[in-house]
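S.K.:
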Amino acid sequence: MFYARHIVNSLIDRSVLLEEFPASGRVVPELGDETVRERLVYSYRLICQIRDNDIQVLALIHQRQHLDADDIPRSQ
200 MFYARHIVNS LIDRSVLLEE FPASGRVVPE LGDETVRERL VYSYRLICQI RDNDIQVLAL
260 IHQRQHLDAD DIPRSQ
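Per this note's numbering, the sequence shown runs over residues 200 to 275.
Structure representation (structure tokens):
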């Protein structure tokens, strides 16, 4: 239970950091879209889209999970 709580807290902390540094992280390789970035948190990929002053979490997936561009819903 401690490990799960630690992971969740780390995910929240990384999400909060996105407010200050929205362009941090790398462009998601499967998408190649500069507005969609990911931050690695332990074994998970926190995938977000940056639009103007908005940051939307699109997905949280395990690194070993196969990801296709169609798997990630994006705003236009």
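Glycine included, every Cβ here is placed at the ideal spot set by N, Cα and C. The model shown is predicted, which means the values in this text are computed figures rather than measured ones.
1) Roughly how many angstroms separate the alpha carbons of Ala203 and Leu257, rounded to a whole number?
2) Could you check whether Val227 and Ile246 sit closer than 8 angstroms to each other, using their CB atoms as the reference points?
3) Going by C-alpha to C-alpha distance, which of Arg263, Asp267, Leu239 and Met200 sits closest to Ser223?
4) Is Arg244 near Glu233, with beta carbons less than 8 angstroms apart?
5) Helix or strand or just coil, what does DSSP make of Leu239?
M.R.: Once the coordinates are examined:
1) When rounded, the distance between both Cα atoms is 21 angstroms.
2) yes
3) Selected option, being the one with the closest Cα: Leu239.
4) Taking the C-beta atoms as reference points, Glu233 is found no nearer than 8 angstroms to Arg244.
5) strand
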